């Protein structure tokens, strides 16, 4: 895995970061190696970059794996064009309706990539004021024919007729979330400036970067974030103009300065060629084995540490905290007295709604995690500044 990962990162560096590709890589590119390279890069939604680098160097032989790489590059361009069209349409509508909004995540970051299609996204993310959410939803449904997909305590998910997924945020994080970053991220509109039209806002660099780091840390805790956020981190540190002091101030206020420093260190290992430390090597293993969305084993190991052991973790899964249960059942939000009834509803859903298999899988993983793995995970989280704060 280590050699495979090193080759993948070198190819991405050559395609995105402008570093000449190492000619010694070519001797490794057997058919089996290319197949494994395709599987790894695709699991992190980066096969389009790896394939483009290989193709540009003339190292893609004719055959099935070459076509798979080329197809991913074609699809990434297609996905970008489709999402950019929807973002343009939604932005124009919100302007027309006099609704203030802020584009988030990939819609902003891709401007710093050599080509915008290089930064893939699964959805379009836009922030609006909470009090304008319903008006925005109604306008999107009536004029652009968006359909409701799901709701949470910080966003509403909608689907366009063309199949593009839109996440309409009204907060950058769960309202009930107990996070050191909450106070800072709740001030998002104070850290944004209106553009020429008066309704399309842009986050300050420091706020955008802090939210990026927060979102990456959140996914690390949930089992893994994939490689792409680390590539974004490198891009934001090497291609965007910024004031380091302002970034650091917000990161410290959010309790994210330690994690940000280690994420930046790993991004430099991967995309500049800096040497590994013990921590960046461990974080690399944690991220690479889990794919773009993380995996259940990582999540269970982390939550055991953050909950204070296996028994406490098991109890937390039986009796889910209110703010977490609200993510599954938005109708519970603001009705904490109904918590016991919703716990029973969740149990019934697990037993009769197809969740029992996943629950059993989770319990099996929970028993299999060794004391040594817990110890390593605890040490990693402590060094990343992501252990649960005690009250």
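In our numbering, the protein residues as written are 80 to 470. Ideal Cβ positions, reconstructed from N, Cα and C, are used throughout, including at glycine. Since this is a predicted model, take the numbers as computed values, not measurements.
Starting from residue 236, follow the beta strand (DSSP E) in both directions and report where the run begins and ends.
That run of the beta strand (DSSP E) goes 234–238.
In terms of residues, what are the limits of the alpha helix (DSSP H) holding residue 287?
Taken as a continuous stretch (DSSP letters only), the alpha helix (DSSP H) holding residue 287 covers 284–300.
Take residue 197 and list the residues in its own chain whose beta-carbon comes closer than 7 Å to its own, dropping the five residues that flank it on each side.
Correct list, in chain order: 95, 128.
With distances taken between CB atoms, is the gap from residue 473 to residue 247 smaller than 8 Å?
A query on residue 473 cannot be resolved here, the shown segment of the chain reaching from 80 to 470 and no further.
Taking the alpha carbon of residue 457 as the reference point, which residue from 410, 418, 383, 413 has its own alpha carbon closest?
It is 383.
Which two residues bound the contiguous beta strand (DSSP E) that contains residue 148?
Run containing residue 148: none in the beta strand (DSSP E); it sits in the alpha helix (DSSP H), 143–175.
How is the alpha helix (DSSP H) around residue 462 delimited, first residue to last?
Here the alpha helix (DSSP H) through residue 462 covers 450–463.
Hey, residue 465 and residue 300 are a contact pair by Cβ (cut 8 Å); roughly how many whole angstroms apart?
Right, their Cβ atoms sit about 6 Å apart.
Which residue or residues does DSSP assign as beta-bridge partners of residue 226?
Bridge partners of residue 226: 238.
Could you spell out the range, first to last residue, of the alpha helix (DSSP H) harbouring residue 123?
Here residue 123 belongs to no alpha helix (DSSP H), and DSSP marks it neither H nor E.
For the alpha helix (DSSP H) that contains residue 330, what are its first and last residues?
Start and end: 323–332.
What number of angstroms, rounded off, separates the C-alpha of residue 139 from the C-alpha of residue 420?
Cα to Cα, residue 139 sits roughly 58 Å from residue 420.
In this structure, does DSSP put residue 89 in helix, strand or coil?
Here residue 89 sits in helix by DSSP.
Skipping 5 residues on each side, what residues in its chain have a beta carbon closer than 6 Å to that of residue 226?
Same-chain partners within the cutoff: 238.
Assuming residue 253 contacts residue 233 under a Cβ cut-off of 8 Å, what Cβ separation, rounded to an integer in Å, is found between them?
Indeed, because the Cβ distance is near 5 Å, the residues count as touching under 8 Å.
Which residues in the same chain have their Cβ closer than 8 Å to the Cβ of residue 280, if we skip the five residues on either side of it in sequence?
Hits under 8 Å: 179, 180, 181, 268, 271, 272, 273, 274.
Residue 311 and residue 188 look like a contact to me (Cβ under 8 Å); what is the Cβ gap, rounded to whole Å?
Sure, about 5 Å apart at Cβ, within 8 Å.
So residue 136 and residue 100 are in contact, right, with Cβ under 8 Å, and what is the actual spacing, rounded?
Indeed, because the Cβ distance is near 5 Å, the residues count as touching under 8 Å.
Output needed for residue 90: all residues of its chain with C-beta closer than 6 Å, excluding positions within five of it in sequence on either side, in chain order.
Taken in chain order, the residues that qualify are 129, 132.
What are the residues that DSSP puts in a beta bridge with residue 180?
Paired residue(s): 207, 279.
Roughly how many angstroms separate the alpha carbons of residue 326 and residue 349, rounded to a whole number?
Approximately 22 Å between the Cα atoms of the pair.
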